[in-house]
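Q: Heads up: the protein sequence lines correspond to chains A and B, in order.
Using our numbering, read the first sequence as starting at 1 and increasing by one per residue.
Using our numbering, read the second sequence as starting at 1001 and increasing by one per residue.
C-beta: ideal position from N, C-alpha, C; glycine also.
This is the structure, below, for whatever I ask next.
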Amino acid sequence: MRYYVRRIAQSVFTLLSGLFLTYALYRLIPGSPLKAIMANLIAQQQRRGEVDTEQVARMAEQMTGINPDEPIIVGFFNYVSGIVLRGDFGTSILYQDPVFDILFRAMPWSIFLSVYGIMLGFTASILVGVLMAWHEGSKLDSGLTVLVLSVNAIPYYVGAIVMLSLLAFQWGLFPTGGRAPRAVAPGFNVQFMLGILHHGALPILSTFLLGFGAGSLGMRANTVRIVGSDYLRSARLRGVSSNRILTRYLTRNAILPLYTGLVVGIGALFASNVITEYIFQYQGAGWFLFESVVNQDYPLIMGSFLFFGTVTVLGILLADLTYGLIDPRAETGATRDTF
Amino acid sequence: MAIDQPGTTGTPDADEDEPEDIVMSVRDARVSFDMARGQAWVLNDVDLDVRRNEILAVVGESGSGKSMFASALLDAVEDPGVLAGDVTYYPDEAAGESQTIGSFDQGLDDSVDVLDLDSDELQAFRWEKVSMVFQGAMNSFNPTMKIKAHFHETIQAHNAVLEERMDHVRKLFDALYIDFDRVMTSYPHELSGGIKQRTLIALALVLEPEVLVMDEPTAALDLLMQRSIISMLRNLRDEFDLTIVFITHDLPLVGGLADRIAVMYAFEFVEVGATRDLMKNAAHPYTRSLLRSVPSINSDVDEMEPIEGARPDPVNIPTGCSFHPRCPVADDRCEIEDPDLAAVEDDLQAACFYTDQAREKIDYTLEDESTEDDR
């Protein structure tokens, strides 16, 4: 129990530190977005005649949620307490909407892409990896290795652009952007669901390729190691069926080293979504982050960072806390005695 | 299945009027591997009979082919090794029809040609008739499965009755002095080496096999645990009517355990005999040198006498007697002619032309403890 409390506290600390760094960097960078906004305001007021610095500071605070006269520590404290106490993440400058609402609306779309991408990617890498290991040294093994390496060698964003240009623009098989068909009323109807799948297919495919390559080679290596192990030979001689050996012995045990990577990878996938979503003009959390960076929409940047940071830290925390469940050897704490 | 009458080929000196009760016989067993340098023989036309209810120790240095012999008894030589020859199992006639534990059906024949079984039959044969405890007990359990699951899957794989078998396992655990409930609900990593080893023995005996092959079962254990396991094996043999084939490199260790000892050198048996005779006055120069090289607590390290030379290359086994390059009594004849196992005494056979010279020239003394039948 103490382990879990400590581990969760660590995660909160990690998240806060990351958030503080972002906040401080934003304030400290020469020509920071904040200064740019203030310069803009001053220029506007100059055109009108008089410059009221106090008013400028107030307006800047309104727009960014940051008072430029406050010390960084105090400002950070106010920002965090705003989130914790009032659920106030600030207001987007670009969209004039609360940051929370924008991200909350975008989040399900990003999760949709990531979860399907990662699930497909890892299922495929596990199957392909075990298949390669089972036929180790055969033509199938070398063929698949070449295929996997080639897929791996192509950066996912290049793959995404090629897919977009061929499948969407040239052949018109998939939409060139967007999250859902405009013509169909949103809701739980078949057409809308199919539309979502149709729009999501290419981004998911590109995410899938990202997780596929490295995973299957790792899986192959793990499986080959287990194929040669004493306990597998012993199980075969005991008469245990091939099916059980494949599932309960080979796949189960070969996944273990990949598991942490899988869960942590969820965080990394969200990050890669920034580029994927932008290429496919898919308005998920990543797309909004990109837009906010380009448009210096500071509250949205902070909000997005908070979102991605939370997902990553949660992923790692989840991997840590659940590893003991899938690998009995890694049970946390001294819950059982060895005798 | 035309097979020589057991007890005649391998043991020509056997008393004619009292045929031995053979449980397994191995004839002309050879295992070869194709290697880039040529064909490697890791078991070279060996003949051996295993007598019912005996403890037979197969002794040899590492790479002498003893593990291959163990695997051959279950037709479990791993690819790309190829096993040829005859391995025959003779069911216990006295037990008759009462043995209906697993799914192996030996039919009407009174002997089973192990190498002739198809893969289903072989799968049933292993563990129901002959089972094995592997080298490296530490890694013989699936690390992510509880001990209980290992027993259950084995019982189910052989279509045996679960409750009845688990009751039997309880008896085995009692005989091996392990706590049934605690061990069953543990994961392998939660058990100590000694308990894991004993659990593995119990796992090998779930389906009441007649023959238990143990490949270096004590190799990774400390000396105390080795002793305690060795002493349990005798009780186990008596209580459960077992025949035990014990593979080891440790000749003195089995001195107090085995009924008979078979010494392997260069993928062949060079000497086979009753433990007492073989330990007291071995006939083959290799056995004698081996006994001479055993370190003793009473003698100085400087007095230790290792066997000169290196073990033979499996691709390039010396012509004639394979031990001749390292043998102190070898002459020209040994370089050309390969001696067969021949009777030296009543229950002692050696594959050597010059057993008398060997006994004269190679001296050894044993500490009392290892020859004494004190168990």
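1. Examine chain A for any beta-carbon lying closer than 8 Å to the beta-carbon of Gln1123/B, and answer yes or no.
2. Since Thr1144/B meets chain A, which of its residues come closer than 7 Å, beta carbon to beta carbon?
3. Using the C-alpha atoms, what's the distance from Gly121/A back to Val227/A?
4. Looking at C-alpha atoms only, which residue of Arg1051/B, Asp1034/B, Glu1061/B, Ile1022/B is the closest neighbour of Pro1312/B?
5. Measuring only between beta-carbons, confirm whether Glu1097/B sits less than 8 Å from chain A.
6. Measure from the C-beta of Ser229/A to each C-beta in chain B and report whether the shortest distance is under 8 Å.
7. On the criterion of 16 or more Cβ atoms from any shown chain inside 10 Å, does Ser1098/B qualify as buried, or is it exposed?
8. Residues in the same chain with beta-carbon distance under 6 Å from Lys1361/B, minus the five sequence neighbours each way, listed in chain order, please.
9. Please name the residue, chosen from Tyr26/A, Tyr79/A, Thr223/A, that lies closest to Gln135/A on a Cα-to-Cα basis.
10. Tell me which residues share the same chain as Ala1076/B and place their Cβ nearer than 8 Å to its Cβ, disregarding the 5 neighbours each side in the sequence.
11. Could you work out which residues of chain A lie near Tyr1187/B, taking near to mean beta carbons separated by less than 8 Å?
12. So the beta strand (DSSP E) Glu1345/B belongs to, where does it begin and stop?
13. Does any C-beta atom of chain A lie closer than 8 Å to the C-beta of Leu1074/B?
14. On the three-state DSSP scale, how would you describe Arg1311/B?
15. Considering just the uninterrupted stretch of the beta strand (DSSP E) at Ile1261/B, what are its terminal residues?
16. Taking Gln170/A as part of the alpha helix (DSSP H), name the residues at either end of that continuous run.
17. Per the DSSP calculation, Asp1049/B is bridged to which residue(s)?
18. Report the start-end ranges of each alpha helix (DSSP H) in the region 1159 to 1211 of chain B that is 4 residues or longer and not cut off at the edges.
19. Taking 8 Å as the CB-CB limit, is Thr335/A close to chain B?
20. Taking 8 Å as the CB-CB limit, is Phe1141/B close to chain A?
21. Does the region 143 to 161 of chain A come close enough to the region 229 to 238 of chain A that 3 or more CB-CB pairs lie under 8 Å?
22. Between Arg236/A and the rest of its own chain, which residues show a CB-CB distance below 8 Å, the 5 nearest in sequence each way excluded?
23. Tell me the DSSP bridge mates of Arg1030/B?
24. In three-state DSSP terms, what is Met1/A?
25. Just grab the DSSP bridge partners of Thr1243/B for me.
26. For Ala1057/B, does the three-state DSSP call read helix, strand or coil?
27. Where DSSP assigns a beta bridge to Glu1128/B, which residues make up the other side?
28. What are the boundary residues of the beta strand (DSSP E) that Phe1272/B is part of?
29. Closest by CA to Pro257/A, which one among Arg27/A, Phe192/A, Phe270/A, Arg329/A?
30. Name the two residues that bound the continuous beta strand (DSSP E) containing Ala1149/B.
31. Between the region 232 to 262 of chain A and chain B, which residues of the former have CB atoms less than 9 Å from a CB of the latter, in chain order?
32. Going along chain A, which residues have a C-beta under 8 Å from Ala1202/B?
33. Name, in chain order, the residues that DSSP records as bridge partners for Thr91/A.
34. So, at 6 Å on beta carbons, what are the nonlocal neighbours of Met132/A in its own chain, with the 5 sequence-adjacent residues on each side left out?
35. Quick one, which of Pro203/A, Arg238/A, Ser216/A, Ala201/A has its alpha-carbon nearest Pro1209/B's?
A: Reading from the atomic positions:
1. The residue labelled residue 1123/B in the question sits at position 123 within the second sequence. Using a Cβ-Cβ cut-off of 8 Å, Gln1123/B counts as an interface residue toward chain A, since at least one Cβ of chain A sits closer than that to its own.
2. Translated into the one-based positions of the second sequence, residue 1144/B becomes position 144. Residues of chain A passing the Cβ test: Arg252, Asn253, Asp327, Pro328.
3. Here residue 227/A corresponds to residue number 227 of the first sequence, with the count starting at 1. Here residue 121/A corresponds to residue number 121 of the first sequence, with the count starting at 1. Going by the C-alpha atoms only, they are around 23 Å apart.
4. Start at 1 with the first residue of the second sequence, and residue 1312/B comes out as number 312. Answer by Cα proximity: Glu1061/B.
5. Here residue 1097/B is taken as the residue at index 97 of the second sequence, counted from 1. At Glu1097/B, the pLDDT of 48 sits below 50, so the modelled position is not reliable and the matter cannot be decided from this model.
6. Locating residue 229/A in the first sequence gives position 229, where the first residue counts as 1. Interface residue, yes.
7. Here the question's residue 1098/B lines up with position 98 in the second sequence. At Ser1098/B, the pLDDT of 48 sits below 50, so the modelled position is not reliable and the matter cannot be decided from this model.
8. On the second sequence, residue 1361/B is found 361 positions in, with the first residue counted as 1. Hits under 6 Å: Pro1328, Val1329.
9. Taking the first residue of the first sequence as 1, we reach residue 135/A at position 135. Strictly speaking, residue 135/A in this sequence is His, with Gln absent from that position. Taking only the C-alpha atoms, the option nearest His135/A is Thr223/A.
10. Indexing the second sequence from 1 puts residue 1076/B at position 76. So the list reads Arg1126, Met1132, once near-sequence residues are dropped.
11. Against the second sequence, residue 1187/B aligns to sequence position 187. What Tyr1187/B touches in chain A: Pro328, Arg329.
12. In the second sequence, the residue the question calls residue 1345/B occupies position 345. Glu1345/B -> beta strand (DSSP E) spans 1342 to 1345.
13. Taking the first residue of the second sequence as position 1, residue 1074/B is located at position 74. Judged by the 8 Å Cβ criterion, Leu1074/B is in contact with chain A.
14. Mapped onto the second sequence, residue 1311/B falls at position 311. Arg1311/B: coil per DSSP, three-state reduction.
15. Taking the first residue of the second sequence as position 1, residue 1261/B is located at position 261. From DSSP, the beta strand (DSSP E) with Ile1261/B extends over 1260 to 1265.
16. Residue mapping note: residue 170/A aligns to position 170 of the first sequence, counting from 1. Premise fails: Gln170/A is in no alpha helix (DSSP H) and is neither H nor E.
17. The count along the second sequence starts at 1 and reaches residue 1049/B at position 49. In DSSP, Asp1049/B forms a bridge with Ser1025/B.
18. 1162 to 1175, 1180 to 1184, 1193 to 1204, all fully within the region 1159 to 1211 of chain B.
19. Position 335 of the first sequence, counted from the first residue, corresponds to residue 335/A. Per-residue confidence for Thr335/A stands at a pLDDT of 46, beneath the threshold of 50, marking its modelled position as unreliable; the derived number appears in the next sentence. Not closer than 8 Å to any Cβ of chain B, the Cβ of Thr335/A fails to qualify, so no.
20. As a working mapping, residue 1141/B is identified with position 141 in the second sequence. Yes, Phe1141/B lies at the interface with chain A (some Cβ there is under 8 Å from its Cβ).
21. Taking a cut-off of 8 Å on C-beta distances, the region 229 to 238 of chain A does not touch the region 143 to 161 of chain A, as fewer than three cross pairs fall below it.
22. Along the first sequence, read from residue 1 onward, the residue named residue 236/A stands at position 236. Excluding residues up to 5 positions away in sequence, Ile245 lie with their Cβ nearer than 8 Å to the Cβ of Arg236/A in the same chain.
23. In the second sequence, counting from the first residue as 1, residue 1030/B sits at position 30. Note: Arg1030/B sits in a beta bridge opposite Ala1084/B.
24. Position 1 of the first sequence holds residue 1/A. For Met1/A, the three-state secondary structure derived from DSSP is coil.
25. Taking the second sequence and counting its residues from 1, the one referred to as residue 1243/B is at position 243. Per DSSP, Val1211/B.
26. Taking the first residue of the second sequence as 1, we reach residue 1057/B at position 57. DSSP places Ala1057/B within a strand segment (E or B) once states are collapsed to three.
27. As a position in the second sequence, residue 1128/B is number 128, starting the count at 1. Per the DSSP secondary-structure output, Glu1128/B pairs with nothing in a beta bridge.
28. One-based indexing of the second sequence puts residue 1272/B at position 272. In the sequence under discussion, the amino acid at residue 1272/B is Val, which differs from the Phe named in the question. Counting along the chain, the beta strand (DSSP E) containing Val1272/B begins and ends at 1268 to 1274.
29. Counting from one through the first sequence, the residue named residue 257/A turns up at place 257. Comparing Cα positions, the closest option is Arg329/A.
30. Reading the second sequence from its first residue, position 149 is the one you call residue 1149/B. Where Ala1149/B is concerned, there is no enclosing beta strand (DSSP E), although the alpha helix (DSSP H) around it starts and stops at 1147 to 1157.
31. Correct list: Leu232, Arg233, Ser234, Ala235, Arg236, Leu237, Arg238, Gly239, Val240, Ser241, Arg244, Arg248, Tyr249, Arg252, Asn253, Leu256.
32. The residue given as residue 1202/B occupies position 202 in the second sequence. Contact of Ala1202/B with chain A by beta-carbon distance below 8 Å is absent, the smallest such distance being about 13 Å.
33. Sequence index remark: in the first sequence, residue 91/A carries index 91 (1-based). Thr91/A is bridged to Pro98/A.
34. In the first sequence, counting from the first residue as 1, residue 132/A sits at position 132. The residues are Asp141, Leu144, Arg220.
35. The residue labelled residue 1209/B in the question sits at position 209 within the second sequence. When only C-alpha atoms are compared, the closest one is Arg238/A.
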